[in-house]
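Asker:
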Amino acid sequence: ACSSSVLASITVVTWNVGTAMPPNDVTSLLHLNTGETNDVDMIAIGLQEVNSKINKRLKDALFTDQWSELFMDVLSPFHFILVSTVRMQGVILLVFAKYYHLPFLQDIQTDCTRTGLGGYWGNKGGVSVRLSIFGHMVCFLNCHLPAHLEKAEQRKEDFTTILHMQQFEGPVANGILDHDLVFWFGDLNFRIESLDICFVKYAIDSNVLSQLWEKDQLNIAKSTWPVLRGFQEGPLNFPPTFKFDVGTNKYDSSAKKRKPAWTDRILWKIKPPSKGLGAGGHRPSQGVLSVNQLCYCSHMEYTVSDHKPVAAIFAVQFVSKVDKPLVEIYVADEWSRPEQAIVRYKMAVGFHRSSWDWIGLYRVGFRHPKDYVSYVWARSDDGERCLEKQLCAQVMFSEEALPKGNGEYILGYYSNTSSSIAGVTEPFQISLPRSEEGSSSTDSSGSSSEEDDSTLVLLAPKSRSPSPGKMKRHRSRSPSLAKFQGLILRPSSRDRGTSRSPSPQSRRSLPRNIPTIHLPQEELGHRRVKSKELGQAAESLESSSFYQTVQEQGGLRRVSADSSLARADPRNLGLLPALRLEMIDQALGRQETADQGYYPCQRMSPTSPPGCGTSPKEGYSP
Numbered sequence: 001a002c003s004s005s006v007l008a009s010i011t012v013v014t015w016n017v018g019t020a021m022p023p024n025d026v027t028s029l030l031h032l033n034t035g036e037t038n039d040v041d042m043i044a045i046g047l048q049e050v051n052s053k054i055n056k057r058l059k060d061a062l063f064t065d066q067w068s069e070l071f072m073d074v075l076s077p078f079h080f081i082l083v084s085t086v087r088m089q090g091v092i093l094l095v096f097a098k099y100y101h102l103p104f105l106q107d108i109q110t111d112c113t114r115t116g117l118g119g120y121w122g123n124k125g126g127v128s129v130r131l132s133i134f135g136h137m138v139c140f141l142n143c144h145l146p147a148h149l150e151k152a153e154q155r156k157e158d159f160t161t162i163l164h165m166q167q168f169e170g171p172v173a174n175g176i177l178d179h180d181l182v183f184w185f186g187d188l189n190f191r192i193e194s195l196d197i198c199f200v201k202y203a204i205d206s207n208v209l210s211q212l213w214e215k216d217q218l219n220i221a222k223s224t225w226p227v228l229r230g231f232q233e234g235p236l237n238f239p240p241t242f243k244f245d246v247g248t249n250k251y252d253s254s255a256k257k258r259k260p261a262w263t264d265r266i267l268w269k270i271k272p273p274s275k276g277l278g279a280g281g282h283r284p285s286q287g288v289l290s291v292n293q294l295c296y297c298s299h300m301e302y303t304v305s306d307h308k309p310v311a312a313i314f315a316v317q318f319v320s321k322v323d324k325p326l327v328e329i330y331v332a333d334e335w336s337r338p339e340q341a342i343v344r345y346k347m348a349v350g351f352h353r354s355s356w357d358w359i360g361l362y363r364v365g366f367r368h369p370k371d372y373v374s375y376v377w378a379r380s381d382d383g384e385r386c387l388e389k390q391l392c393a394q395v396m397f398s399e400e401a402l403p404k405g406n407g408e409y410i411l412g413y414y415s416n417t418s419s420s421i422a423g424v425t426e427p428f429q430i431s432l433p434r435s436e437e438g439s440s441s442t443d444s445s446g447s448s449s450e451e452d453d454s455t456l457v458l459l460a461p462k463s464r465s466p467s468p469g470k471m472k473r474h475r476s477r478s479p480s481l482a483k484f485q486g487l488i489l490r491p492s493s494r495d496r497g498t499s500r501s502p503s504p505q506s507r508r509s510l511p512r513n514i515p516t517i518h519l520p521q522e523e524l525g526h527r528r529v530k531s532k533e534l535g536q537a538a539e540s541l542e543s544s545s546f547y548q549t550v551q552e553q554g555g556l557r558r559v560s561a562d563s564s565l566a567r568a569d570p571r572n573l574g575l576l577p578a579l580r581l582e583m584i585d586q587a588l589g590r591q592e593t594a595d596q597g598y599y600p601c602q603r604m605s606p607t608s609p610p611g612c613g614t615s616p617k618e619g620y621s622p
């Protein structure tokens, strides 16, 4: 363990968007243009009441919801990468981090709990993302609790249910409150008791908000409910955030005239130390973990909903238990010739490598871990020997896999065992001449053909969201909704011949002109889907003929996507809608006999779990 400490700035945002369309700009909400918050390291965004009508949910399952797209679009120029996200009907949680922190974010898992209609409906409940940050377990919990003044006890019961139901895998922090640090936020729906609406509005207009604090239900509950013991919150120095007339800053003028309330809240809890302080001391010993809230405010400028969004900025002091990435990657400062596309990497002692690990090539400005340009399997004949003797292993990108033209790129090592990226480089240059025939397929930005667009829409250039496919660490209780797996990344020394996997403290600003990211163009088949019914669209995989060009023994050959080799591409399965995975697996299962010589498993992608058949043959390049 390292004795150094890391001071991280974490922004938490909650907003009940009231089924509205996203506004044009959210930079002020995220505090991105203020000098004091330019160094924010992570951002967690909790949304409630995102449009979840049946037709909208179906579209969001195939594409990405417009709110998530907006936040990725806004944050990627500031070098934030989507680490993980989870959705339960209208409740969404997104967690972003600066790219250079990604190798130090591990053990990423998500969960969700329905509490609406007695636990059968997900309009109310909680969604969570938990992860290890520099060796400390942190959980972000976004909740939407029952409404109305008289439902305080129901809110207590639902929150208790969420804490009880959400369990995570692993040796530590199996429950939410087992984490070293918990951020609890959302539309918690607590109201102001006793006081009538006239006095509440008078206190707001006169800016004497403190006269309302003692009647706030959550303030009362923090001192009386055992389940809330240890939760802290900053002072409510902003006006109540509910309920407004949409499009205005005026409180409810309808016939119901609902009393204003602080329904939208952000709290945190530090796990009490196992030794030292008594039952009443919930702050850890100095030097272990400390939290200081820098800002707690609402944003009145947003009027698309009857709620105002709330943001909080925290300075969190971590004692860094991890000061080196699990995988250090060595690469030249520039690839100007295909033969320079050599990647050397060194795995730390105790790293659990897998035959399904891979190294992705990302364009600077990428939005999420599945946004790679190309990839190569991280395997070699002497991989185990390199790990045991702490030697560097080596892989090489084929010429066909390299993007043409000039640009800045980052390499990331994806660990299948931990379902995260264990190491990244800092940006380096690729300067390759464009061929007469144009860019290679790995750098193409063409869209899918019309007949298969519904099935492969997530491969299209404008679809940059992570895979909503089935992931082993996501135990969602909301079938058919988009759920993404978290990943990890980061940079290093620019000196040629030295490791390009940086330490936690090393940072390097990137150019502001972030290049457009282009995903590969697939060559789609000629047979059309005979029915436009959405449920039948997945059958187009059986009738389509996708092809990939691979390099084998110095020559090029074309491989049908029906073969196991083509299915090993993470984009063939990893980015397909969750609601179709079962049908796709059934379709691929018909080829199992023919593929047994190479891949005995049906679901072949770089993120397939270990033990799912044999590893890819060394003679094939992904």
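Here the sequence shown is numbered in UniProt numbering, starting from 1 and rising by one per residue. For glycine and all other residues, C-beta sits at the position ideal for the given N, C-alpha and C.
Which residue comes first and which comes last in the beta strand (DSSP E) that contains residue 100?
Answerer: Element bounds for residue 100: n/a, residue is neither H nor E.
Asker: Near residue 46, which residues of its chain fall below 6 angstroms by C-beta distance, leaving aside the five closest residues on each side in sequence?
Answerer: Counting only Cβ-Cβ distances below 6 angstroms, and skipping sequence neighbours, we find 14, 93, 142, 185 and 186.
Asker: Taking just the CA atoms, how far does residue 26 sit from residue 426?
Answerer: For residue 426 and residue 26, the distance between alpha carbons rounds to 28 angstroms.
Asker: Please state whether the Cβ-Cβ distance between residue 362 and residue 373 is less than 8 angstroms.
Answerer: Yes, they are a contact pair.
Asker: Which runs of the alpha helix (DSSP H) fall wholly inside the segment 93-163 and span at least 4 residues, in chain order?
Answerer: Complete alpha helix (DSSP H) runs here, min 4: none at all.
Asker: Measure the Cβ-Cβ separation of residue 130 and residue 88 and say whether it is below 8 angstroms.
Answerer: Not closer than 8 angstroms, so no.
Asker: Cα-Cα, which of 251, 32 and 336 is closest to residue 205?
Answerer: Here the closest residue by C-alpha is 251.
Asker: Decide if residue 191 is buried, meaning its Cβ has at least 16 other Cβ atoms within 10 Å, or exposed.
Answerer: Buried.
Asker: Using a Cβ-Cβ cutoff of less than 6 angstroms, which residues in the same chain neighbour residue 623 once the five nearest sequence positions on both sides are dropped?
Answerer: Given that the chain is displayed from residue 1 to residue 622, the structure contains no residue 623 and the question cannot be resolved.
Asker: Among the residues of its own chain, which have a CB less than 7 angstroms from the CB of residue 219, if the five just before and after it don't count?
Answerer: Counting only Cβ-Cβ distances below 7 angstroms, and skipping sequence neighbours, we find 213.
Asker: Is the distance from the Cβ of residue 424 to the Cβ of residue 407 below 8 angstroms?
Answerer: Cβ distance not < 8 angstroms, so residue 424 and residue 407 don't count as in contact.
Asker: Under the three-state reduction of DSSP, which class applies to residue 297: helix, strand or coil?
Answerer: Three-state DSSP puts residue 297 in a strand.
Asker: Figure out for me which residue from 80, 235, 175 and 300 has the closest Cα to the Cα of residue 208.
Answerer: Per the Cα distances, 235.
Asker: Looking only at its chain, what residues have a beta carbon closer than 7 angstroms to the beta carbon of residue 475, apart from the 5 residues adjacent to it on each side?
Answerer: Residue confidence is low: residue 475 scores 42 on pLDDT, short of 50, so the model does not pin down where it sits. No coordinate-derived value is stated.
Asker: Can the beta-carbon of residue 181 be found closer than 8 angstroms to that of residue 289?
Answerer: Contact flag set, yes.
Asker: Could you give the residue range of the alpha helix (DSSP H) that holds residue 66?
Answerer: 66-75 is the span of the alpha helix (DSSP H), which, as asked, contains residue 66.
Asker: Helix, strand or coil for residue 166? Go by DSSP, reduced to three states.
Answerer: DSSP places residue 166 in coil when its eight states are reduced to three.
Asker: Starting from the C-beta of residue 147, find all residues in its chain whose C-beta is less than 6 angstroms away, skip the five residues before and the five after it, and write them out in chain order.
Answerer: Excluding positions up to five away in sequence, the list reads 189.
Asker: Is it buried or exposed, residue 386, if we count other Cβ atoms within 10 angstroms and call 16 or more buried?
Answerer: Buried: at least 16 other Cβ atoms inside 10 Å.
Asker: If I follow the unbroken alpha helix (DSSP H) through residue 303, where does it start and stop?
Answerer: Taken as a continuous stretch (DSSP letters only), residue 303 belongs to no alpha helix (DSSP H), as it is neither H nor E.
Asker: Please look up how many angstroms separate the CB atoms of residue 49 and residue 90, rounded, as I've assumed it's under 8 angstroms.
Answerer: That belief holds up - the Cβ atoms of residue 49 and residue 90 are roughly 5 angstroms apart, short of 8 angstroms.
Asker: Using the C-alpha atoms, what's the distance from residue 22 back to residue 67?
Answerer: Each residue's Cα considered, the two are about 6 angstroms apart.
Asker: If distances are taken between C-alpha atoms only, which option among 410, 315 and 223 comes closest to residue 99?
Answerer: For residue 99, the nearest C-alpha among the options comes from 410.
Asker: From the DSSP secondary-structure annotation, give me the bridge partner or partners of residue 332.
Answerer: Its beta-bridge partners do not exist; DSSP assigns none.
Asker: My assumption, with CB atoms under 8 angstroms, is that residue 216 sits in contact with residue 262. Please give the rounded CB distance.
Answerer: Right, their Cβ atoms sit about 6 angstroms apart.
Asker: For the candidate residues 340, 32, 333 and 42, whose alpha-carbon lies nearest to that of residue 314?
Answerer: Residue 314 has its Cα closest to that of 42, out of 340, 32, 333 and 42.
Asker: Taking just the CA atoms, how far does residue 176 sit from residue 465?
Answerer: In this prediction, residue 465 has a pLDDT of 33, which is less than 50 and means its spatial position is unreliable; what the coordinates show is noted afterwards. Distance between the alpha carbons of residue 465 and residue 176: 27 angstroms.
Asker: For residue 247, which residues in the same chain have their Cβ closer than 7 angstroms to its Cβ, ignoring the five residues on either side in sequence?
Answerer: Cβ neighbours of residue 247 beyond the five flanking positions: 303.
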